[in-house]
Amino acid sequence: MAKRFAKYQIDALMAAFEESEHLTKQKKMELCISTGLDVEQIGSWFNRKRAHKRAKKSVGVLQRTNGLLEQALQEIEKKKDELRKEIRESKRREAEIGAENLRLREQLGMVGGDSYFDPILSHLKSSTVFCDIPYLDGE
Numbered sequence: 001m002a003k004r005f006a007k008y009q010i011d012a013l014m015a016a017f018e019e020s021e022h023l024t025k026q027k028k029m030e031l032c033i034s035t036g037l038d039v040e041q042i043g044s045w046f047n048r049k050r051a052h053k054r055a056k057k058s059v060g061v062l063q064r065t066n067g068l069l070e071q072a073l074q075e076i077e078k079k080k081d082e083l084r085k086e087i088r089e090s091k092r093r094e095a096e097i098g099a100e101n102l103r104l105r106e107q108l109g110m111v112g113g114d115s116y117f118d119p120i121l122s123h124l125k126s127s128t129v130f131c132d133i134p135y136l137d138g139e
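Position one of the sequence shown corresponds to residue 1 (full-length UniProt numbering), numbered consecutively onward.
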């Protein structure tokens with residue numbers, strides 16, 4: 001198992017890292033003398049420190065992205081609920097209008113096929129405006 005660095009060694013490495021994340025040969029040699037560590041240990045410590053810093057930065061970006069995605073999902077769910085409510089209201093209104101139309105046709109005597117209204121119905125059935133109304137197709 002690798003031996004941990006002493007506090008004074010870590011302090012010296014951290015101070016050097018804060019100055020620059022990449023060491024010059026001269027700075028590396030100065031750290032070797034002041035800490036008693038060899039060049040490979042110092043190089044490895046700096047590599048791990050840079051990798052750790054990149055990983056923390058990536059995690060922060062991912063967390064912010066995740067927050068934005070969660071917010072967008074909530075907005076989509078809210079819009080979906082609103083659209084479902086609109087559909088239910090539209091179906092309810094359609095049923096009301098259908099019942100009202102049936103009631104009005106019964107009042108006019110059209111349900112039984114009153115011959116007085118046959119020309120009107122023929123015209124309505126052929127009209128492009130009303131051709132998709134189901135109750136004009138002859139119940």
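Every residue gets a Cβ at the ideal spot worked out from N, C-alpha and C, and that includes glycine.
Worksheet item: Could you give the residue range of the alpha helix (DSSP H) that holds E75?
Response: V39 to L108
Worksheet item: Relative to the C-alpha of F46, which residue among M14, L62, A72 and L102 is closest?
Response: Minimum Cα distance to F46 is reached at M14.
Worksheet item: Is the beta carbon of L37 sitting closer than 8 Å to the one on A16?
Response: no
Item to complete: Spatial neighbours of A12 within its chain, please: CB distance less than 8 Å, with the 5 preceding and 5 following residues excluded, ordered by chain position.
Response: L31, S34 and T35
Discussion item. If you follow the alpha helix (DSSP H) that L31 is in, where does it begin and where does it stop?
Written reply: Residues K25 to T35.
Worksheet entry | Collapsed DSSP secondary structure at F5 in the structure displayed | If DSSP states are grouped into helix, strand and coil, F5 belongs with coil.
Fill in: Neighbourhood of A6 by C-beta distance below 8 Å, restricted to the same chain and skipping five residues each side
Same-chain partners within the cutoff: there are none.
Worksheet item: Which term fits I10, buried or exposed, when burial requires 16 or more other beta carbons within 10 angstroms of its beta carbon?
Response: exposed
Discussion item. Buried or exposed for I97, going by 16 or more other Cβ atoms inside 10 Å?
Written reply: exposed
Worksheet entry | Three-pair Cβ contact test at 8 Å for the region 81-95 versus the region 46-55 | no
Practice prompt. Can you grab the Cα-Cα spacing for the pair K57 / L23, in whole Å?
Written response: 21 Å
Discussion item. Taking the alpha-carbon of D21 as reference, which of S44, H123, Y8 and R88 has the nearest alpha-carbon?
Written reply: The displayed chain sequence assigns Glu, not Asp, to residue 21. Looking only at S44, H123, Y8 and R88, the smallest Cα-Cα distance to E21 is reached by S44.
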